[in-house]
Amino acid sequence: MSAFMSAFAHLVGLLADLLQPLFHDGSAAMAIVLFTACVRLAVHPLSRASARGQKARTKLAPQIAELRKKHAKNPERMQKALMELHTKEKVSPLSGCLPSLAQMPAFFLMYHLFSNREIGGRANELLGHSLFASPLGGRWADALSGGGAFGGAGLVYVALFAIVAGVATFNYRRTKIQMAKAPALPAGPDGQQVPGMGAMTKVMPLMSFATLFTVAVVPLAAALYVVTSTTWTAAERYFLYRDMPAAGASAPATVM
Numbered sequence: 001m002s003a004f005m006s007a008f009a010h011l012v013g014l015l016a017d018l019l020q021p022l023f024h025d026g027s028a029a030m031a032i033v034l035f036t037a038c039v040r041l042a043v044h045p046l047s048r049a050s051a052r053g054q055k056a057r058t059k060l061a062p063q064i065a066e067l068r069k070k071h072a073k074n075p076e077r078m079q080k081a082l083m084e085l086h087t088k089e090k091v092s093p094l095s096g097c098l099p100s101l102a103q104m105p106a107f108f109l110m111y112h113l114f115s116n117r118e119i120g121g122r123a124n125e126l127l128g129h130s131l132f133a134s135p136l137g138g139r140w141a142d143a144l145s146g147g148g149a150f151g152g153a154g155l156v157y158v159a160l161f162a163i164v165a166g167v168a169t170f171n172y173r174r175t176k177i178q179m180a181k182a183p184a185l186p187a188g189p190d191g192q193q194v195p196g197m198g199a200m201t202k203v204m205p206l207m208s209f210a211t212l213f214t215v216a217v218v219p220l221a222a223a224l225y226v227v228t229s230t231t232w233t234a235a236e237r238y239f240l241y242r243d244m245p246a247a248g249a250s251a252p253a254t255v256m
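Mapping the sequence shown onto my numbering, position 61 (from 1) lands on 61, and the numbers just tick up by one.
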């Protein structure tokens, strides 16, 4: 693990050196942004597959509702029928989770890289880099204690929070629209709504704002990864889901 972290630190340092003529003291921060963009570009095929799956599941809503009604008293038979339908239509119920799961290792790498003073037995030189007046290894609490919310380091976080709030608001509206087009909430064996599903549906659109908490507690370098990735996700989902059909509606085939 130590050798792997050393190699990763070397990669980030190399990117920073390449970007130094353009971004000077902010070269390491831009290296993190570039690294994040490369990760998201690599994960993009999974995002496209997830979008195709979501659209397919939405179009299957009437058939799913019919299966739930038909097998309401036999949950095992209902689950088997749903799996058979997904297999027949080549739709994976788990495809929506893959993009997020695939990029989590990169986030944790960035978190650990800027949380350790030593990498591979040597001093972590990346901790000497900063974004304007805010060290990449520092946190929002450090900025508050160092100069206040509107001090040099604090203003960096103000800008990040503003970006995250704007993206979260955009995601909130898009999620509300998407959920309105999604299949109806699943029913239990007795035909009643599954307990807790209604509350979950109301909470899900608000999850976008949880990123604000993440940015506030992780090192600035990891926060930059989160902000870049979240902004990428918002733009990506806008283009991939802009032609999302309503539940059960037929839509022209889209080449993705």
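Beta carbons are placed, not taken as given, at the ideal position from N, Cα and C, and that holds for glycine.
Could you tell me if residue i is buried or exposed, where buried requires 16 or more neighbouring beta carbons within 10 angstroms of its beta carbon?
i    : result
Q79  : exposed
A235 : exposed
L240 : buried
I177 : exposed
A149 : exposed
L11  : exposed
S50  : buried
R77  : exposed
L18  : exposed
F35  : buried
L101 : exposed
In chain order, what residues of the same chain lie with their CB nearer than 8 Å to the CB of residue i, ignoring the 5 residues before and after it?
i    : result
A37  : T228 and W232
L22  : M30
Q103 : V39, R40, V43 and S229
Would you tell me roughly how many angstroms separate the C-alpha atoms of residue i and residue j, rounded to the nearest one?
i    : j    : result
A223 : P45  : 24 Å
D334 : A31  : The chain is shown from 1 up to 256; residue 334 falls before or after that span and cannot be answered.
A81  : L67  : 7 Å
P62  : A72  : 15 Å
K55  : Y172 : 19 Å
A153 : V218 : 15 Å
F4   : A42  : 20 Å
K59  : A65  : 11 Å
A159 : F213 : 15 Å
L206 : G166 : 13 Å
L155 : S145 : 13 Å
S115 : L85  : 47 Å
Is the beta carbon of residue j closer than 8 Å to that of residue i?
i    : j    : result
G53  : L126 : no
G138 : L220 : yes
A9   : L113 : yes
A29  : L136 : yes
R174 : R117 : no
A123 : S134 : no
P99  : S47  : yes
Please report the Cβ distance between residue i and residue j, rounded to the nearest whole angstrom; I am assuming they are in contact, meaning their Cβ atoms lie under 8 Å.
i    : j    : result
V226 : F161 : Their Cβ separation, rounded to whole angstroms, is 12 Å, which puts V226 and F161 out of contact at 8 Å.
V39  : A106 : 5 Å
Looking only at its own chain, which residues have a Cβ that is under 7 Å from the Cβ of residue i, when we skip the five neighbours before and after it?
i    : result
S2   : G120
T211 : V164, A168, V226 and T230
Y111 : V218, P219 and A222
S6   : I119 and G120
For residue i, which residues of its own chain have a beta-carbon under 6 Å away from its beta-carbon, when the five flanking residues on both sides are left out?
i    : result
S208 : A168, N171 and Y172
W140 : Y157 and A216
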